[in-house]
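Per the numbering used here, residue 1 is the first one in the sequence shown, and the count goes up by one each step.
By construction, the Cβ of each residue, glycine as well, lies at the ideal position given by its N, Cα and C atoms.
Values in this document were obtained by computation on a predicted structure and should not be read as measured data.
See below for the structure under consideration.
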Amino acid sequence: MPNKSFPRSRRVAQQIQRALSELIRREVRDPRLGMLTLTEVRVSNDLSHARVYYSVLGGEPERTQEILDAAADLLRGPLGRALSLRHSPELHFVADELIEGGARMSALIRQAVSEDQARHVDEDPTMPKGERDPSA
1 MPNKSFPRSR RVAQQIQRAL SELIRREVRD PRLGMLTLTE VRVSNDLSHA
51 RVYYSVLGGE PERTQEILDA AADLLRGPLG RALSLRHSPE LHFVADELIE
101 GGARMSALIR QAVSEDQARH VDEDPTMPKG ERDPSA
């Protein structure tokens with residue numbers, strides 16, 4: 001009996017992520033491709049489409065997208081054979097912006113904290129709040 005809390009599409013997505021990362025490393029030999037990490041794979045319920053999220057360290061993001069889009073059809077056959085799937089899903093590569101977004105948010109938080117600390121350096125912490133001179 002299939003486990004409904006962990007559907008087949010999620011199991012296949014995990015297998016695709018593992019197999020595809022190995023296939024990209026082995027088959028896509030483009031020196032312009034930076035350090036590529038497949039962060040997530042989402043597969044449609046009918047297993048006909050797989051959206052592959054990736055992040056890249058080094059290299060140009062636009063160039064990476066072009067390289068992966070060109071390699072998508074070439075990787076589809078070996079992926080299907082590696083997973084023993086009758087019909088290999090169509091691959092759609094999408095740049096994962098969560099990591100960059102998280103780094104951007106962390107930088108903004110650090111900046112806000114340092115500005116807040118710089119603003120409060122002039123205040124005397126030993127003086128009660130009601131007696132502080134706001135004009136100083």
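Exercise for the section: Ignore the nearest five residues each way along the sequence and tell me which others in A138's own chain have a CB closer than 6 Å to its CB. Expected result: Past the boundaries of the shown model lies residue 138; the chain is included only from 1 to 136, so the question cannot be answered.
Practice task
Compute the Euclidean distance between the alpha carbons of V113 and R104, then round it to the nearest angstrom.
Solution key: In the sequence shown, the residue the question calls residue 113 occupies position 113. In the sequence shown, the residue the question calls residue 104 occupies position 104. Just so you know, the alpha carbons of V113 and R104 end up roughly 14 Å apart.
Problem - Cβ neighbours of A19 in the same chain (closer than 8 Å, five flanking residues each side left out) - result: The sequence position of residue 19 within the sequence shown is 19, counting from 1. Once the five neighbours on either side are set aside, the close Cβ partners of A19 are L79, A82 and L83.
Problem - S88 classed as buried or exposed, judged by whether at least 16 other C-beta atoms fall within 10 angstroms - result: Within the sequence shown, residue 88 is the residue found at index 88, counting from 1. It counts as buried.
Problem - L75 burial status per 10 Å Cβ neighbour count (16 or more: buried) - result: Reading the sequence shown from its first residue, position 75 is the one you call residue 75. Counting Cβ neighbours within 10 Å, L75 comes out buried, since at least 16 surround it.
Practice task
State the Cα-Cα distance for the pair R11 and A50, rounded to the nearest angstrom.
Solution key: Position 11 of the sequence shown holds residue 11. Position 50 of the sequence shown holds residue 50. So the alpha carbons of these two residues sit roughly 12 Å apart.
Problem - Cβ pair I67, V41 closer than 8 Å - result: By one-based count along the sequence shown, residue 67 stands at place 67. By one-based count along the sequence shown, residue 41 stands at place 41. No, these two residues do not count as a Cβ contact at 8 Å.
Practice task
In the DSSP assignment, find the alpha helix (DSSP H) that holds V113 and state where it starts and stops.
Solution key: As a first step, residue 113 is located in the sequence shown; it is residue number 113 there, counting from the start. First-last of the alpha helix (DSSP H) with V113: L98 to H120.
Problem - Separation of E100 from S44, as counted between CA atoms - result: If you number the sequence shown from 1, residue 44 lands on position 44. If you number the sequence shown from 1, residue 100 lands on position 100. One C-alpha to the other measures close to 26 Å.
Practice task
Identify, in the order they occur along the chain, each residue of the same chain with its Cβ nearer than 7 Å to the Cβ of Q65, setting aside the five sequence neighbours on each side.
Solution key: Against the sequence shown, residue 65 aligns to sequence position 65. Only F93 and A95 meet the Cβ criterion.
Exercise for the section: Label S106 either buried or exposed according to how many other C-beta atoms from any shown protein chain fall within 10 Å of its C-beta, with 16 as the threshold for buried. Expected result: As a position in the sequence shown, residue 106 is number 106, starting the count at 1. By the C-beta density criterion, S106 is exposed, having fewer than 16 other C-beta atoms within 10 angstroms.
Handout entry: Member of T37, V121 and E62 whose CA lies at the smallest distance from the CA of V56
Key = Mapped onto the sequence shown, residue 56 falls at position 56. Comparing Cα positions, the closest option is T37.
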